[in-house]
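**Q** Dropping the structure in here first, questions after.
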Amino acid sequence: MSLSLVLLFLNFFTPQFNEAGQAKLEKMVKDRDALTAQWKASESQKSGIFGNRTKKDMIETNEWLERIIKKDNLIMDELRMIGDIETITATQTGDDYKAIAFKQEKDVQALKRAVAERDKQLKEKLSERRTFEWISLILFLISLGLGFVVYKKVIKP
């Protein structure tokens with residue numbers, strides 16, 4: 000009963016974890032796209048003499064690249080976390096199914112033992128009944144034989 004409640008809980012809340020993770024991931028990707036656009040804008044910026052790039056322009060471009068790398072790392076961390084959640088959920092579900100299968104196997108073994116015990120009892124009762132039938136038959140034949148002997152002696156002197 001409690002196992003089914005846990006499975007029901009996981010079925011209802013696992014998709015929400017995935018949806019929340021997907022929404023967060025999509026937001027992070029949009030942020031990264033914005034950072035990439037800003038990096039491209041800074042890349043085309045040339046404030047030096049004769050239209051060349053200055054050291055300040057290059058530092059600013061590198062800063063944008065660092066921000067993009069940080070955002071990429073955050074995205075990778077989020078992907079790992081989503082993957083871990085899915086792995087844990089799948090593992091828990093698999094473990095739950097294993098536990099159910101193990102319990103069912105135990106129940107089947109208990110039922111097999113009960114059936115074997117019942118078979119044994121039925122065979123014992125059947126052998127007792129057979130013994131009673133044989134004893135009854137022998138007593139009947141002895142009575143019939145004695146009756147025949149008495150009949151012969153009493154009626155035919």
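Residues 0 to 156 (numbering that gives the first Met the number 0) make up the sequence shown, in order.
All C-beta atoms, glycine included, are put in the ideal place defined by N, C-alpha and C.
This structure is a prediction, so every number in the text was calculated from the model and none was measured.
Leaving out the 5 sequence neighbours to the left and right, which residues in its chain are closer than 8 Å to L78 when beta-carbon positions are compared?
**A** Against the sequence shown, residue 78 aligns to sequence position 79. So the list reads L24, once near-sequence residues are dropped.
**Q** Buried or exposed: where does W133 fall if 16 or more other Cβ atoms within 10 Å of its Cβ makes it buried?
**A** As a first step, residue 133 is located in the sequence shown; it is residue number 134 there, counting from the start. Per the 10 Å Cβ criterion, exposed.
**Q** In the DSSP assignment, find the unbroken alpha helix (DSSP H) run with K69 in it and report its ends.
**A** Here residue 69 refers to the residue found at position 70 when the sequence shown is read from its first residue. It spans 54–154 - the alpha helix (DSSP H) in which K69 sits, taken as one unbroken run.
**Q** Spatial neighbours of I67 within its chain, please: CB distance less than 8 Å, with the 5 preceding and 5 following residues excluded, ordered by chain position.
**A** Numbered from its first residue, the sequence shown carries residue 67 at position 68. Same-chain partners within the cutoff: R31, L34, T35, W38.
**Q** Indicate the three-state DSSP secondary structure (helix, strand or coil) for S41 in the structure shown.
**A** Translated into the one-based positions of the sequence shown, residue 41 becomes position 42. Correct three-state label for S41: helix.
**Q** With a threshold of 7 Å on Cβ separation, who are the neighbours of L9 within its own chain once the five nearest residues in sequence on each side are excluded?
**A** On the sequence shown, residue 9 is found 10 positions in, with the first residue counted as 1. Unreliable placement is indicated for L9, whose pLDDT of 42 sits below 50; no coordinate value is reported for it.
**Q** Compute the Euclidean distance between the alpha carbons of F101 and V114, then round it to the nearest angstrom.
**A** On the sequence shown, residue 101 is found 102 positions in, with the first residue counted as 1. On the sequence shown, residue 114 is found 115 positions in, with the first residue counted as 1. One C-alpha to the other measures close to 20 Å.
**Q** What separation, rounded to the nearest whole angstrom, lies between the Cα atoms of M75 and W63?
**A** To locate residue 75, count along the sequence shown from 1; it is residue 76. To locate residue 63, count along the sequence shown from 1; it is residue 64. Going by the C-alpha atoms only, they are around 18 Å apart.
**Q** Cutting at 7 Å between CB atoms, please list the residues of its own chain near Q120, excluding the five before and the five after it.
**A** Working through the sequence shown from its first residue, we reach residue 120 at position 121. Within the same chain, Q120 has no close Cβ partners at all.
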